[in-house]
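**Q**
Residue numbers (our numbering): -13 to 222.
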């Protein structure tokens, strides 16, 4: 019906709004947390395995080696596997990680740490990702099954409010990552440089017209950004 139309929003006005709104970005972030296992292991293409400590940084390296995020149903009320993201801009979300410095115990810290990946919002939408739906805790059965994976309980009077996460979800057992639409996020510039270099693919370098290679140079597979450029310091 005509009365249900949304108000017009010219493209140029929408672009200007995104430029001035600090709480709106074009990236969605998926941060990691430590594994329940002491070590995480991946199979290498040429055979063999590689392992890291089960820290948030180790989990991130496993993600980058496998180029995919694994879905979970742990916090999904419908019980379906999903991969979750936050829409909060990086410069705002980084302040959440400062709670690690203020926490008296691990139980008081955020469940995620400042290691993760960011994907383009348009790309995730094209893969099927959608914002969650915040509603009263007993409203799940009011939604069709196709939307239930997006349901998040909300009741501020009872202290149930996860809306600060501005969550997005995609229903999937695994989400394959495209390096062209993925940005790696780590706490420090040194870690960012390590990620770019360690995962680079090497290509032969030629001094034409000599047909023999004279060396090799790294071609980055993943691009990385560090939170310390935002003034964020991360430590135990």
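Glycine included, every Cβ here is placed at the ideal spot set by N, Cα and C.
If you're wondering where the values come from, they're calculated on a predicted model, not measured in any experiment.
By the three-class DSSP mapping on this structure, what secondary structure does residue 61 have?
**A** Residue state, collapsed to three classes: coil.
**Q** Determine whether the beta carbon atoms of residue 210 and residue 190 lie at a separation below 9 Å.
**A** Contact: no.
**Q** What span of residues does the alpha helix (DSSP H) with residue 108 cover, start to end?
**A** Start and end: 107 to 113.
**Q** Under 9 Å between the Cβ atoms of residue 125 and residue 55?
**A** No, these two residues do not count as a Cβ contact at 9 Å.
**Q** Using three-state DSSP, classify residue 69 as helix, strand or coil.
**A** The answer is strand: DSSP assigns residue 69 an E or B state.
**Q** Residues in its own chain within less than 6 Å of residue 220 by CB, not counting five upstream and five downstream?
**A** Counting only Cβ-Cβ distances below 6 Å, and skipping sequence neighbours, we find 100, 173.
**Q** First and last residue of the alpha helix (DSSP H) that includes residue 183?
**A** Element bounds for residue 183: 175 to 184.
**Q** Below 7 Å CB to CB, which residues in the same chain sit around residue -9 once its five sequence neighbours on both sides are set aside?
**A** No residues qualify anywhere along the chain.
**Q** Excluding sequence positions up to five away, which residues of its chain have a Cβ less than 8 Å from the Cβ of residue 9?
**A** Contacts found: 74, 75, 78.
**Q** Could you tell me which residues DSSP puts in a beta bridge with residue 104?
**A** Note: residue 104 sits in a beta bridge opposite 15, 169.
**Q** In whole angstroms, what separates the C-alpha of residue 157 from that of residue 38?
**A** So the alpha carbons of these two residues sit roughly 28 Å apart.
**Q** Measure the CB-CB distance between residue 186 and residue 205 and report whether it falls below 9 Å.
**A** A contact, by the Cβ cut-off of 9 Å.
**Q** Between the Cα of residue 184 and those of 109, 195, 218, 208, spot the shortest distance and give me the residue it belongs to.
**A** The shortest C-alpha separation from residue 184 is found at 208.
**Q** Residue 168: buried (16+ other C-beta within 10 angstroms of its C-beta) or exposed?
**A** Buried, by the Cβ-count rule.
**Q** In the DSSP assignment, find the unbroken beta strand (DSSP E) run with residue 155 in it and report its ends.
**A** Counting along the chain, the beta strand (DSSP E) containing residue 155 begins and ends at 153 to 157.
**Q** Would you decide whether residue -6 is buried or exposed? Buried here means 16 or more other CB atoms lie within 10 Å of its CB.
**A** Exposed, by the Cβ-count rule.
**Q** How is the alpha helix (DSSP H) around residue 0 delimited, first residue to last?
**A** Residue 0 -> alpha helix (DSSP H) spans -3 to 6.
**Q** Could you tell me which of 102, 12, 48, 18 sits nearest to residue 285, measuring between CA atoms?
**A** Coverage of the chain is limited to positions -13 through 222, which leaves residue 285 absent and any answer about it impossible.
**Q** Per the contact definition of three or more C-beta pairs closer than 8 Å, is the stretch 118 to 135 in contact with the stretch 28 to 35?
**A** Because the criterion of three Cβ pairs below 8 Å is not met, the stretch 28 to 35 and the stretch 118 to 135 do not touch.
**Q** When you compare only the Cα positions, how much space is there between residue 119 and residue 61?
**A** Straight-line Cα distance between these residues: approximately 14 Å.
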